[in-house]
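This report concerns only the one structure given below.
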Ligand SMILES: Cc1cc2nc3c(=O)[nH]c(=O)nc-3n(C[C@H](O)[C@H](O)[C@H](O)COP(=O)(O)O)c2cc1C
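In my numbering, the protein residues as written are 3 to 223.
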């Protein structure tokens, strides 16, 4: 290839069709067991697991390979308390004033309200930031498809957690600018999601929801 940039060979490991199907089914079953958990046990999580989940998230594709994500991992009890209190302030306002009736009706099945105990109970609170641009040599370099890229990265993060038997919740206590303040993030970073990570509480339960059927989510042409 005639290029001033280096290319390296790429191969996937060989496997039989049967093996592919077995692996695909196993992965589907693993992911189909995933649920958003809102009740956490205080049981400690090995920090190495979180590091591996974030490293896995960091393998995501991204617009022009800008990798516009940053995972801030909070375990300090005082910081978690501060985040919970600020999140609950926003969520109280959301539930009592900002959300329209239609939205509140949609949320009824999840039994959620403005209380966010899980921010303190979960051993780790992972706050994902999107990096909109970088300041290089005094100039601003914009990133591309930041939302899509960070969304894909978080999807891989969630899959990695599921694979190691941990649970999480994608939480959006909006507006989320309080997270930039509390976590002292630079102005090119914006909070994207807040994710408590840990083990489910012994008495944890989840709303009985239905996933769309294959026909509803795909069409081969
Ligand atoms: C972008 C996004 C934002 C969400 N925000 C919240 C949230 O703020 N609070 C909450 O309790 N659940 C939140 N959820 C979780 C959804 O309610 C949940 O994923 C959905 O009901 C499907 O349930 P499952 O994750 O158990 O399959 C969010 C999910 C996504 C993907």
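Every residue gets a Cβ at the ideal spot worked out from N, C-alpha and C, and that includes glycine.
query: With DSSP run on the structure shown, which of helix, strand or coil describes residue 141?; result: strand
query: Whose C-alpha, out of 212, 127, 122 and 219, is nearest the C-alpha of residue 73?; result: 127
query: Considering only heavy atoms of ligand 1 and the C-beta of each residue, which residues fall inside 6 Å, strictly closer?; result: 37, 38, 40, 112, 114, 171, 172, 173, 174, 208 and 211
query: For residue 141, which option in 190, 90, 129 and 161 has the closest C-alpha, if you only look at C-alpha atoms?; result: 190
query: Look at the alpha carbon of residue 93 and the alpha carbon of residue 193, and state the distance between them as a whole number of angstroms.; result: 16 Å
query: So which of 195, 39 and 162 has the shortest CA-CA distance to residue 177?; result: 195
query: Suppose contacts are defined by Cβ-Cβ distances below 7 Å. Is residue 163 in contact with residue 59 by that definition?; result: no
query: Quick one: using the 10 Å Cβ neighbour count with 16 as the cut-off for buried, is residue 168 buried or exposed?; result: buried
query: Give me the Cα-Cα distance between residue 147 and residue 135, rounded to the nearest whole angstrom.; result: 11 Å
query: Go ahead and pull the three-state DSSP assignment for residue 66.; result: helix
query: Can you say whether residue 64 is buried or exposed, counting buried as having 16 or more other CB atoms within 10 angstroms of its CB?; result: buried
query: Determine the closest residue to residue 186 out of 71, 198 and 81, with distance taken between C-alpha atoms.; result: 81
query: What would DSSP say about residue 135, mapped onto helix, strand or coil?; result: strand
query: Throw me the rounded Cβ distance for the residue 172 and residue 38 pair, which I believe falls under 8 Å.; result: 7 Å
query: Thinking residue 181 and residue 85 are a contact (beta carbons under 8 Å), I'd like their distance in whole angstroms, please.; result: 7 Å
query: Which value, in whole angstroms, describes the spacing of the CA atoms of residue 158 and residue 95?; result: 32 Å
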